[in-house]
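Visitor: Heads up, the sequence shown is in the numbering used here, so the first residue is 4 and it goes up one at a time.
Don't be surprised by glycine CBs; every beta carbon is placed ideally from N, CA and C.
Note that the structure is predicted; figures quoted are calculated from it, not measured.
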Amino acid sequence: MPRPNYYAGVPLDRADRLRGDAERLAELLADPGARVVPLWRSQHLIAAEADAVVLRRAELDGLLEVAGETIFLGLRGEVAYLAIDFSHLEEPEIGPLTAGLGSFKDLRAVGPIMNREDSALLAYARGLAHWHGRHGFCGVCGAATLSEKGGHQRRCSNADCHALHFPRTDPAVIMLVHDGGERCLLGRQPLWPPGMHSTLAGFVEPGESLEEAVAREIWEEVGLRLPVEEVAYHSSQPWPFPSSIMLGFYARADHGPLDLGPDELESAQWYTRDELRNSPEDETFKLPRRDSIARRLIEDWLEEE
Ligand SMILES: [Zn+2]
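(1) Using a Cβ-based criterion (distance less than 7 Å to any ligand heavy atom), does residue 316 qualify as near ligand 1?
(2) Smallest Cα separation from residue 246: which of 268, 135, 140?
(3) Please confirm whether any heavy atom of ligand 1 lies closer than 7 Å to the CB of residue 187.
(4) For residue 60, which residues from the same chain have a beta carbon less than 6 Å from its beta carbon, with the 5 sequence-adjacent residues on both sides left out?
(5) Give me, in chain order, the residues of the same chain whose beta-carbon lies closer than 7 Å to that of residue 171; leave out the 5 immediate sequence neighbours on both sides.
(6) Which ranges does the alpha helix (DSSP H) cover as unbroken runs of at least 4 residues, wholly within the segment 209 to 281, from first to last along the chain?
(7) Please state whether DSSP places residue 151 in a helix, a strand or coil.
(8) For a test of the three-state rule: what should DSSP assign to residue 195, helix, strand or coil?
(9) I'd like the span of the alpha helix (DSSP H) that includes residue 133, first residue to last.
(10) Can you give me the Cβ contacts of residue 101 inside the same chain, cut-off strictly under 8 Å, excluding the 5 residues immediately before and after it?
(11) Nearest by alpha-carbon distance to residue 50: which of 118, 300, 96 is it?
(12) Who are residue 205's beta bridge partners in DSSP?
(13) Does the contact criterion of 3 or more C-beta pairs under 8 Å hold for the segment 152 to 162 versus the segment 191 to 206?
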């Protein structure tokens with residue numbers, strides 16, 4: 004088993020068995036000692052440089068009356084962990100949450116330097132809160148939906164429909180293309196931070212296997228054909244920014260000229276291990292962010308030699 008990637012390893016028992024036990028769940032959620040991950044517009048409460056603020060339910064005081072969606076995340080020992088979304092409040096109204104505690108920040112800004120268990124917990128809470136925020140209405144009939152099972156499903160309120168909706172995770176493949184020798188392929192998208200180069204990636208489409216998605220994306224992005232037999236799984240990473248799971252692969256392709264597809268990459272080229280090891284890590288060339296599986300795929304390949 005490879006070591007886990009960033010944002011994997013939520014330190015909770017997700018306790019699926021309790022989600023359907025309304026009475027027990029209500030008790031756990033009402034416990035003043037329950038821990039709460041507060042969320043506001045997809046951001047988390049962060050203290051100091053990168054410390055996740057997880058409150059006791061009792062500390063929320065007057066804010067419980069104005070709490071938005073409440074989600075049961077799971078148990079740590081006997082203690083329930085919840086996420087509560089305050090996104091509907093305007094900035095002055097969240098003052099009591101931030102006063103003396105920290106400020107709301109995007110996890111992506113602090114994740115790479117945060118305690119790994121905390122960042123996994125926050126990412127999990129963020130992914131679920133995002134899903135609730137965008138599934139208030141039924142995709143079948145348009146009626147309002149209501150949260151059930153501790154926030155792990157929503158049901159359409161229209162008695163003639165009653166469709167169930169479940170949290171979404173969208174699979175994306177991400178792959179380090181190498182030539183079986185000393186070279187691998189990195190590309191660059193125009194919107195990335197200056198100098199950043201990374202692996203190829205793309206969403207899995209309906210009706211294709213993961214290996215086919217890898218091969219198709221490589222063809223579309225850089226014009227290399229490779230058989231699906233050359234695609235090998237590496238590891239995966241939850242990436243709820245907002246709702247993906249990244250499925251990491253290595254893909255061996257013949258070292259050949261590249262033909263960049265329209266609307267994809269602004270540049271792509273083959274790099275040797277030595278070139279990557281000597282990356283200046285500045286605005287002329289840098290590797291992807293430390294918390295990304297792209298970085299992990301590159302680092303593991305560099306060590307493979
Ligand atoms: Zn419906």
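Guide: Checking against the coordinates, here is how it stands:
(1) The question about residue 316 has no answer here: the residues shown for the chain are numbered 4 through 308.
(2) For this step, residue 246 is matched to residue 243 along the sequence shown. Residue 246 has its Cα closest to that of 135, out of 268, 135, 140.
(3) Sequence index remark: in the sequence shown, residue 187 carries index 184 (1-based). No.
(4) Along the sequence shown, one-based indexing puts residue 60 at 57. Around residue 60: 35, 37, 39.
(5) Indexing the sequence shown from 1 puts residue 171 at position 168. The answer, listed in chain order, is 134, 246.
(6) 213 to 225, 276 to 280
(7) In the sequence shown, counting from the first residue as 1, residue 151 sits at position 148. Residue state for residue 151 is assigned as strand, using DSSP reduced to three classes.
(8) On the sequence shown, position 192 is the one that residue 195 refers to. Residue 195: coil per DSSP, three-state reduction.
(9) As a position in the sequence shown, residue 133 is number 130, starting the count at 1. First-last of the alpha helix (DSSP H) with residue 133: 119 to 136.
(10) Residue 101 sits at position 98 when you count from the first residue of the sequence shown. 48, 107.
(11) Within the sequence shown, numbered from 1, the residue matching residue 50 stands at position 47. Restricting attention to 118, 300, 96, the CA atom closest to the CA of residue 50 is found in 118.
(12) Stepping through the sequence shown from its first residue, residue 205 is reached at position 202. Note: residue 205 sits in a beta bridge opposite 176.
(13) no
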